[in-house]
Structure formats: C-alpha cells, structure tokens
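Before any comments, here is the structure.
Numbering (our numbering), first residue to last: 62 to 216.
Next up, the structure:
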C-alpha cells in the first residue's frame, strides 16, 4: 500500500511539473507562430494540458481514498484487500493462486486481481472452505477456497 502511495505521489509530482512549467512554455511558443485557429502545436499543447489536469484530479482522488483505508477494518479471517488466496477450480481440478490488490496494481498474468474485478468481487468476504460461483465471460467458474493469507498475516 505504501509503495502504491509513493508511486501515485511521484506521478502527481511529474504531472504538476509538466502542467506548471513545460506546457505553459509550449503554449507560449505555439502562440508566437501566429493564427491559433490553424496552429496544430497550440491545439496539441492545450489538449495535453486538459488531459494532464484531468489525470491529476484522478490521481489526487485515488491518493485521498488510499489514505482513508483503515487496515483494522480488513477482516482477519475472510478475503479482503491484500489477501492471498489459493483456489481449487472445481471444473478443471486445478489450483489457482491470486492476490487481491487495488485496480492500479492489478496484473492478471502475475495473479494480481483487482478487488473490483468479477473474480475479486466474488471472493471478497469469503472464508476457507467456501465454494464460490464467479461469473466470467462465457459462463460461471466454480472454485473452492483452499487457503487464505490476509494482509494481517503477511510480513
């Protein structure tokens, strides 16, 4: 969680620098070329400025949300943010291991599943021994939770 906060803060700092220092210079330089109605550099810089402004607002919002996450409210015996779960795919008789993370950290290929994904939402609040039906594209995946390590159990 701290790594993610640091990553967000670094991106915010870089975008704020671009918004306050680099983009105003580009806009001034583009304005010097004359007619703004047909000035591609000016329009590109203004468009980038709008994008950076929107992205900054989004990142600052996520940072505020993370600072309000109360780790004491994450259960110690149920699946929640930061949990590592070992599942048994009942149809394929195969074990799957996932860690539930924020959407920014999600990487399905590495087994990092967002808590807001269909699999993540299906697992939240469940315990070892529970059988869970998870909607996936093309049907439903049935899994049993074999092992659970919550964020509290990880060192």
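Glycine residues also receive a C-beta, built at the ideal position from the N, C-alpha and C atoms.
Here the structure is a predicted model, which is why all the values come from computation and not from measurement.
- Across the set 123, 183 and 165, the C-alpha of 183 shows the shortest separation from the C-alpha of residue 146.
- Per the C-alpha coordinates, the member of 120, 113, 118 and 199 positioned closest to residue 83 is 113.
- A residue is called buried once 16 or more other Cβ atoms fall within 10 Å of its Cβ, and residue 78, having fewer, is exposed.
- Residue 161 sits close to residue 142, with the two beta carbons spaced by under 8 Å.
- For residue 183, no beta strand (DSSP E) encloses it; the enclosing alpha helix (DSSP H) starts and ends at 179–184.
- A Cβ-Cβ separation of about 49 Å leaves residue 86 out of contact with residue 140 under the 8 Å criterion.
- Nearest C-alpha to residue 144 among 177, 71, 209 and 203: 209.
- The beta carbon of residue 138 is closer than 7 Å to those of 188 in its chain, skipping five residues each way along the sequence.
- Annotation for residue 194: no alpha helix (DSSP H) segment contains it, though the beta strand (DSSP E) segment containing it runs 192–197.
- In the three-state scheme derived from DSSP, where H, G and I count as helix and E and B as strand, residue 144 is classed as coil.
- Cα atoms of residue 199 and residue 179: separation of roughly 13 Å, rounded to the nearest angstrom.
- Taking every protein chain shown into account, the CB of residue 202 has 16 or more other CB atoms within 10 angstroms, so this residue is buried.
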